[in-house]
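**Student:** So the protein lines, in turn, are chains E, W, L and F.
Here the first sequence stands for residues 1 to 501, numbered as in the numbering used here.
Here the second sequence stands for residues 1001 to 1501, numbered as in the numbering used here.
Here the third sequence stands for residues 2001 to 2170, numbered as in the numbering used here.
Here the fourth sequence stands for residues 3001 to 3170, numbered as in the numbering used here.
Where is the CB? At the ideal position from N, CA and C, for every residue including glycine.
Here it is, the structure, as structure tokens.
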Amino acid sequence: MISKILIANRGEIAVRIMRSCKEMGIETVAVFSDADRKSLHVRYADEAIHIGSSPSTESYLVKEKIINAANSTGSDAIHPGYGFLSENAEFADLVRKEGIIFIGPSSDSIRMMGDKISARRIMTKADVPVVPGTRKKIDDDIKALKVIKRIGYPVMIKASAGGGGKGMRLVYKESESLDALKSARSEAIDAFGDDSVYIEKYLSKPHHIEFQILADRHGNVIHLYERECSIQRRHQKIVEETPSPIMTPELRQEMGEKAIAAARSVNYEGAGTIEFLVDENLNYYFLEMNTRLQVEHPITERVTGVDLVKEQIRIASGEKLAYEQADIFQDGHAIECRIYAEDPENNFMPSPGLIRKITEPMGFGVRTDGYVYEGYEIPIYYDPMISKLITWGRTRDEAIIRMLRSLEEYYIMGIRTSIDFLKRIMENPEFINGQYDTHFIDTHKEKLFCPSEDIAGTEDLAMIVAFMEYLEDAKIKKNGLPPQSFSNWKMRNRKRNISRQ
Amino acid sequence: MISKILIANRGEIAVRIMRSCKEMGIETVAVFSDADRKSLHVRYADEAIHIGSSPSTESYLVKEKIINAANSTGSDAIHPGYGFLSENAEFADLVRKEGIIFIGPSSDSIRMMGDKISARRIMTKADVPVVPGTRKKIDDDIKALKVIKRIGYPVMIKASAGGGGKGMRLVYKESESLDALKSARSEAIDAFGDDSVYIEKYLSKPHHIEFQILADRHGNVIHLYERECSIQRRHQKIVEETPSPIMTPELRQEMGEKAIAAARSVNYEGAGTIEFLVDENLNYYFLEMNTRLQVEHPITERVTGVDLVKEQIRIASGEKLAYEQADIFQDGHAIECRIYAEDPENNFMPSPGLIRKITEPMGFGVRTDGYVYEGYEIPIYYDPMISKLITWGRTRDEAIIRMLRSLEEYYIMGIRTSIDFLKRIMENPEFINGQYDTHFIDTHKEKLFCPSEDIAGTEDLAMIVAFMEYLEDAKIKKNGLPPQSFSNWKMRNRKRNISRQ
Amino acid sequence: MSAIEIKIGNRTEPVEIIEIKGNKIRISLGIKEFCLDLVKVEDNIYSILLEGKSYDIEVAATKKKNVYSVRYINNAYNVEIVDAELRYYQNRLKSAGLSEENIISCPMPGKVVRVMVNEGDSVDTGDVVIVVSAMKMESEYKSGKTGKIKEVLVGEGDIIDANMPLIVLE
Amino acid sequence: MSAIEIKIGNRTEPVEIIEIKGNKIRISLGIKEFCLDLVKVEDNIYSILLEGKSYDIEVAATKKKNVYSVRYINNAYNVEIVDAELRYYQNRLKSAGLSEENIISCPMPGKVVRVMVNEGDSVDTGDVVIVVSAMKMESEYKSGKTGKIKEVLVGEGDIIDANMPLIVLE
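Structure follows, in structure tokens:
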């Protein structure tokens, strides 16, 4: 059994992994950059090793430094978390070459799923539906135009090596096709050094639905049902829920089976996620596989009761899965809201800085996974996510209203956060009705981005409170000398007292 | 439907009730004494009414003040929480006379269950086993001695009007009987103005196991399974868990049915608890019924998924129960630890005072229900319980280890708390094996009350940290003038720099 | 001797405390008078009872002189306390040509990626003058007026604080 | 000029800082020398890295002069910093007959229920002199020595702070 794990990550997910380690009696090693000396993951760990300066390219992304830290602390395993090196096949290989357990799939699985074209090919072979389109890189423009015609508009042209929206073009009609093709190629070669593209059917109202799977090295694969992740900003998920409001029992079973087939087709081991696009008619298409833990894994934990990090560790230790498919149920409904240090009203501009005060919500059905604390300064170098708020309810309605209640209890002072924005999502009638797709934020932007209406009278109270705080500041600054308005009051009062006598 | 509820309570339970109200869209009214102006329940409520000076006899226990507050705020219901007036039949009557909904059972139910002798009689009639003994008040000593002989030693003599251990005597042999009887009587007349006693079989290794029930006014009664509450100090529960480690499926079903029968026999309405004593041979006996919400209700909420406060409110609104018995399952295992402001090593002496810092545990399967915050001063007038920590696991082992992890994350500075003591309970092998009865604390006192062993080297670090804090304090106090050792260091360093040049 | 005024957006009100007795405060704001039970419960948090209603209001000083950021549930305000000292200070800034519209700053901390102008350059309203990155996202900051760059206070690669002056226009 | 010493229970160690470079501190404690990465992460909480191990240690001043309460996970300590000032202070208390064993106090805040003695009364070790209640529980406080009551500082019904002197013996 594993006895000491180095967590090759930081912040929220590092702390979350350490919590499971602690419950398993496994020692934990944190790594940290200059900017992270005070980060909670350093404080929470049993050991902590400094691995370089603040930019992640000089610390969290430097494979050798992490492996050295693991060796110097006698760690027998490395958990990569999400992001950073978690889907880096070369890193997985290097770790294993050192005789250290990499808590994740084989580098082959990572590679097969990492390349979009190869992933499509493997899925097709495994009889998992993919979005209609090409499988191969297309170099010839004329051929490309033919393929587009065959698929039917609208289509999406995507860079083979792509990501982050670069080298992507949406085409609605024939007259736009050639221009779009050329500009996608030129952007792709600039960004990735590879101008090959592929072409896919564009789904106009897609849902992003993913299935969590667990696979051991003894051939056992189970799924832990779906997560609906269609609420996204800039292609990043901000709200996830399970079950999906559009799911039917038949579709759930079918997609679950396909997810297992997808994992089997790459001999997957560990926890992973098969992402699908689902259209209005409930046709589903394989999108990609994430060969790691997901940010949104807690909602699955809540409805199934399975601690996914513990399962990852057990699988990596060579254990057989403790559960069969029939042991896994969905109990109630769970929602996750990601709390970001950002300003949604200002194009989601990041808002790092000092946390002056934080009050986390509590009570039945509420979980927070965070890492910031009072007096902590969020560094400018890393992801703006500071915590995840997860609520559970017997029904979807209860989970939503509990989320709203919890968001109202959540106080973070000193920085801007997405909390108010998330409240507006929870109050949106179409969200409440479960009628939303990946365009939700765009479609509802007028309501979502306009600050809530004033609660009657609050402006007056805001003025008064600011004034009282000003008086207190003045008292402290001036060593007890009261400012003007305050002394006026005193004088007035004195006069009254005199006249009363 | 109820639209505004006055919560006739304070602290943790008031906040917990308000959370459910908020999720139901119901407005909340807090009441508070002088000492409680800064209490979280006042801050959390929509409205807050001052009801008197700090001692609860002048505020929270004054029926008229609470009813006036409800009337002046237009509250259509009163939730009494637990303690204070929650089991006061007269209060329930007064509330209802004002046309206000009392969220609880009828005053008749309260009265029937409030008197121990009448409760025993009713239970016997309802075929619910009671502890062997008398049913009637005994005035005649000779008769009493006969009864004792018939029941067989050991027996417990209890004051009919009793509570809190007063007027109670345990008798092991015949020679002690008469003296014990006389002294129980004299204590009872002093304490309660009534010297009648009753006599019960004394169970030497009893378990305290209770069943949660819900009953509507349409004749529907369900139970929500058991809670094992045998870990007690001074007859007060400090750790509760569900399921009970000694429970069998057959016994559970039987006791659940008896609990329902008990509730039916007093035409119960609302949430209530039937407490049983269970002996080594799994014989069970009705102990008493609590005609209100229990402190430990969250563990039942966690394994059944039912928000008990919401159900109380729905029932009080006249709604039918939304669940049938067959809808209620026990999913996994939940444990509650009560965090008290007290010093367990010093005979559980209360420890009110200022909270300098509080860090609550987070993560999967953890719930905290508390009310204190940084800068809050716990008043000297009320109960020392400051929060409840609830953990859940798929198995009992997981719930225990998660509790231990959570207790380690729980930081409260400024006062003494029971946190370390609770950790020692969670680490106790007999607790871990589920082998414990109500004598647990007494039996294990050597281990439980001795502070944990030093973690190697911590004493050195404690010295260093205190010194660093001292230096910082000195710097602040003396306006930058460094204390002696610090200046020594500076001088030394200066010398070194010089010699290096 | 001018009184203290409170400002939110375009609204400005004179304020005066009439009476304080323990937590109970009588205060006038413009033509209104309030009778409050007000107590500071935590650093930066006040609890107010007004006609029975309970309000938990957050307040924090900002980096701007006499400006406080106040929040109550969904509502956030920037409140400025205008006292004699602030008036004097603002007048002095103005006469030095350092009124706020002449200073370009960034509301968040970050790292300067590119400075697009040099001292003496002419800029038009809307011209991007500086690019700052934080948390893997770049933001562009534009000139709010047409004019000449008087001073560039930061260089590429510098780590900057929120609301720190970066570029000064004439 | 005597050095500063640190005291836990019966253990007393001289302490001296040898070098500070940012977070890195070299410090001697008795015959040992430590090389620590030490940083105050929150009010009252220090994070220490020592030979790779991470320690999160709480510290708080107590009402007793120079005494700090320190906690690390399950271990709690009362640490006294003995400096010249404290030595002087303790000597002065002693010469005034106000050494600690002459003062009866209660470690928690509460309300005085009963005072069992009057000034001038003689008491024996173990005699109950005062009863204090807090949170519906009464606690008795006893005289730690045989002697005469010099002063009774509180009366029945008084609300008292933790560690406040209640009764002084001669």
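What residue range does the alpha helix (DSSP H) around H1041 of chain W cover?
**Tutor:** As a position in the second sequence, residue 1041 of chain W is number 41, starting the count at 1. L1040 to Y1044 is the extent of the alpha helix (DSSP H) around H1041 of chain W.
**Student:** Here's a check: name, in chain order, each residue in its chain whose Cβ is nearer than 6 Å to the Cβ of N1479 of chain W, leaving out the five neighbours to either side.
**Tutor:** Residue 1479 of chain W sits at position 479 when you count from the first residue of the second sequence. The predicted model places N1479 of chain W with a pLDDT of 46, which falls under 50 and marks its position as unreliable, so this point remains unresolved.
**Student:** Take V15 of chain E as the anchor and find which of E:A30, E:L61, E:I299 and E:K4 has the nearest alpha-carbon.
**Tutor:** Here the question's residue 15 of chain E lines up with position 15 in the first sequence. Of the candidates E:A30, E:L61, E:I299 and E:K4, the one whose C-alpha sits nearest the C-alpha of V15 of chain E is E:A30.
**Student:** Could you pull the start and end residues of the alpha helix (DSSP H) that N68 of chain E belongs to?
**Tutor:** The count along the first sequence starts at 1 and reaches residue 68 of chain E at position 68. Counting along the chain, the alpha helix (DSSP H) containing N68 of chain E begins and ends at K63 to S72.
**Student:** Taking one C-beta from the segment 3150-3168 of chain F and one from the segment 3099-3116 of chain F each time, how about it: are there three or more such pairs within less than 8 Å?
**Tutor:** Contact holds: three or more Cβ-Cβ distances are below 8 Å.
**Student:** Between the Cα of E254 of chain E and the Cα atoms of E:Q236, E:A271 and E:V278, which residue gives the shortest distance?
**Tutor:** What you label residue 254 of chain E is simply residue 254 of the first sequence in a count that begins at 1. For E254 of chain E, the nearest C-alpha among the options comes from E:V278.
**Student:** Helix, strand or coil: how does DSSP classify F84 of chain E here?
**Tutor:** Position 84 of the first sequence, counted from the first residue, corresponds to residue 84 of chain E. In the structure shown, F84 of chain E sits in coil (DSSP, three-state: anything other than H, G, I, E or B).
**Student:** Would you say the segment 1320-1328 of chain W touches the segment 1355-1365 of chain W, given that touching needs at least three Cβ pairs under 8 Å?
**Tutor:** The segment 1320-1328 of chain W vs the segment 1355-1365 of chain W: no contact.
**Student:** With a threshold of 16 other CB atoms inside 10 Å of the CB of C3106 of chain F, please say whether the residue is buried or exposed.
**Tutor:** The sequence position of residue 3106 of chain F within the fourth sequence is 106, counting from 1. C3106 of chain F is buried by the Cβ-count criterion.
**Student:** Using a Cβ-Cβ cut-off of 8 Å, state whether L404 of chain E counts as contacting chain L.
**Tutor:** The count along the first sequence starts at 1 and reaches residue 404 of chain E at position 404. Chain L, which has no Cβ nearer than 8 Å to the Cβ of L404 of chain E, makes this no.
**Student:** Check distances from the C-beta atoms of the segment 3058-3074 of chain F to those of chain E and list, in chain order, the residues that come in under 9 Å.
**Tutor:** Cβ contacts with chain E: none found.
**Student:** For the pair the segment 438-449 of chain E and the segment 214-232 of chain E, tell me if three or more CB-CB distances fall below 8 Å.
**Tutor:** Result yes; three or more Cβ-Cβ pairs closer than 8 Å.
**Student:** Spatial neighbours of K2064 of chain L within its chain, please: CB distance less than 6 Å, with the 5 preceding and 5 following residues excluded, ordered by chain position.
**Tutor:** Walking along the third sequence from the start, residue 2064 of chain L turns up at place 64. Once the five neighbours on either side are set aside, K2064 of chain L has no close Cβ partner at all.
**Student:** Taking I464 of chain E as the reference, give the member of L:V2152, L:E2058 and L:D2127 with the closest Cα.
**Tutor:** Numbered from 1 along the first sequence, position 464 holds the residue referred to as residue 464 of chain E. When only C-alpha atoms are compared, the closest one is L:E2058.
**Student:** Quick one: does G480 of chain E have its CB under 8 Å from some CB of chain L?
**Tutor:** The residue given as residue 480 of chain E occupies position 480 in the first sequence. With a pLDDT of 41 at G480 of chain E, under the threshold of 50, the modelled position of this residue cannot be trusted; read the value that follows with caution. With 8 Å as the cut-off, G480 of chain E does not count as an interface residue toward chain L.
**Student:** Where do the N-terminal and C-terminal ends of the beta strand (DSSP E) with H444 of chain E fall, by residue?
**Tutor:** Taking the first sequence and counting its residues from 1, the one referred to as residue 444 of chain E is at position 444. Careful: H444 of chain E lies outside any beta strand (DSSP E) and carries neither H nor E.
**Student:** Measuring CB atoms only, is the segment 1364-1384 of chain W touching the segment 1310-1321 of chain W, in the sense that at least three cross pairs come out at less than 8 Å?
**Tutor:** Taking 8 Å as the limit for Cβ pairs, the verdict is that the segment 1310-1321 of chain W does not touch the segment 1364-1384 of chain W.
**Student:** Since Q1212 of chain W and G1270 of chain W should fall inside the 8 Å C-beta cutoff, what is the C-beta to C-beta distance between them, to a whole number of angstroms?
**Tutor:** Locating residue 1212 of chain W in the second sequence gives position 212, where the first residue counts as 1. Locating residue 1270 of chain W in the second sequence gives position 270, where the first residue counts as 1. Wrong, their Cβ atoms sit about 11 Å apart, outside the cutoff.
**Student:** Distance cutoff 8 Å, beta carbons only. Does N3044 of chain F sit that close to anything in chain E?
**Tutor:** The sequence position of residue 3044 of chain F within the fourth sequence is 44, counting from 1. No, because no Cβ of chain E sits closer than 8 Å to the Cβ of N3044 of chain F.
**Student:** Counting only Cβ pairs nearer than 8 Å, list the residues of chain E close to K1022 of chain W.
**Tutor:** Here residue 1022 of chain W is taken as the residue at index 22 of the second sequence, counted from 1. What K1022 of chain W touches in chain E: R405 and E408.
**Student:** Helix, strand or coil: how does DSSP classify C1450 of chain W here?
**Tutor:** Stepping through the second sequence from its first residue, residue 1450 of chain W is reached at position 450. Here C1450 of chain W sits in coil by DSSP.
**Student:** Would you give the residue range spanned by the beta strand (DSSP E) that I2006 of chain L belongs to?
**Tutor:** Position 6 of the third sequence holds residue 2006 of chain L. Looking at the DSSP string, the run of the beta strand (DSSP E) that includes I2006 of chain L is E2005 to I2008.
**Student:** Looking at the C-beta of I1464 of chain W, does it have a partner C-beta in chain F at a distance below 8 Å?
**Tutor:** In the second sequence, residue 1464 of chain W corresponds to position 464, counting from 1. By this cut-off, I1464 of chain W is an interface position.
**Student:** For H50 of chain E, count neighbouring Cβ atoms within 10 angstroms of its own Cβ and tell me buried if that reaches 16, exposed if not.
**Tutor:** Counting from one through the first sequence, the residue named residue 50 of chain E turns up at place 50. So H50 of chain E counts as buried.
**Student:** Could you spell out the range, first to last residue, of the alpha helix (DSSP H) harbouring Q253 of chain E?
**Tutor:** Position 253 of the first sequence holds residue 253 of chain E. Residues P249 to S265.
**Student:** Taking 8 Å as the threshold (beta carbon to beta carbon), is I3031 of chain F in contact with chain W?
**Tutor:** On the fourth sequence, residue 3031 of chain F is found 31 positions in, with the first residue counted as 1. It does not; no Cβ of chain W falls within 8 Å.
**Student:** Starting from the Cα of V366 of chain E, find the closest Cα among E:D139, E:A261, E:R302 and E:D76 and give me that residue.
**Tutor:** The count along the first sequence starts at 1 and reaches residue 366 of chain E at position 366. When each option's Cα is compared against that of V366 of chain E, the closest is E:R302.
**Student:** Measure from the C-beta of L3036 of chain F to each C-beta in chain E and report whether the shortest distance is under 8 Å.
**Tutor:** Start at 1 with the first residue of the fourth sequence, and residue 3036 of chain F comes out as number 36. Output row for L3036 of chain F: interface = no.
**Student:** For the segment 38-48 of chain E and the segment 334-348 of chain E, state whether three or more C-beta atom pairs, one from each stretch, are separated by less than 8 Å.
**Tutor:** Touching, no.
**Student:** By the three-class DSSP mapping on this structure, what secondary structure does P2165 of chain L have?
**Tutor:** As a working mapping, residue 2165 of chain L is identified with position 165 in the third sequence. In this structure, P2165 of chain L counts as strand in the three-state DSSP scheme.
**Student:** At 9 Å on the CB atoms, spell out the chain L contacts of F467 of chain E, in chain order.
**Tutor:** Residue 467 of chain E sits at position 467 when you count from the first residue of the first sequence. Chain L residues near F467 of chain E: I2004, I2006, V2015, I2017, I2027, L2029, Y2068, V2079 and I2081.
**Student:** If I measure Cβ to Cβ from E2072 of chain L and keep anything under 7 Å in the same chain, skipping five residues before and after, which residues do I get?
**Tutor:** On the third sequence, position 72 is the one that residue 2072 of chain L refers to. According to the sequence displayed, residue 2072 of chain L carries Tyr and not Glu. Counting only Cβ-Cβ distances below 7 Å, and skipping sequence neighbours, we find Y2055 and I2057.
**Student:** Do the segment 1402-1419 of chain W and the segment 9-23 of chain E make contact, defined as three or more Cβ pairs closer than 8 Å?
**Tutor:** Enough Cβ pairs lie closer than 8 Å, so yes.
**Student:** If we define contact as Cβ-Cβ less than 8 Å, is D46 of chain E a contact residue for chain F?
**Tutor:** For the purposes of this step, residue 46 of chain E is identified with residue 46 of the first sequence, where counting begins at 1. Chain F, which has a Cβ nearer than 8 Å to the Cβ of D46 of chain E, makes this yes.
**Student:** Going along the chain, which residues of the segment 2112-2140 of chain L sit with their C-beta nearer than 9 Å to a C-beta in chain E?
**Tutor:** The segment 2112-2140 of chain L vs chain E, Cβ under 9 Å: S2133, A2134, M2135, K2136, M2137 and S2139.
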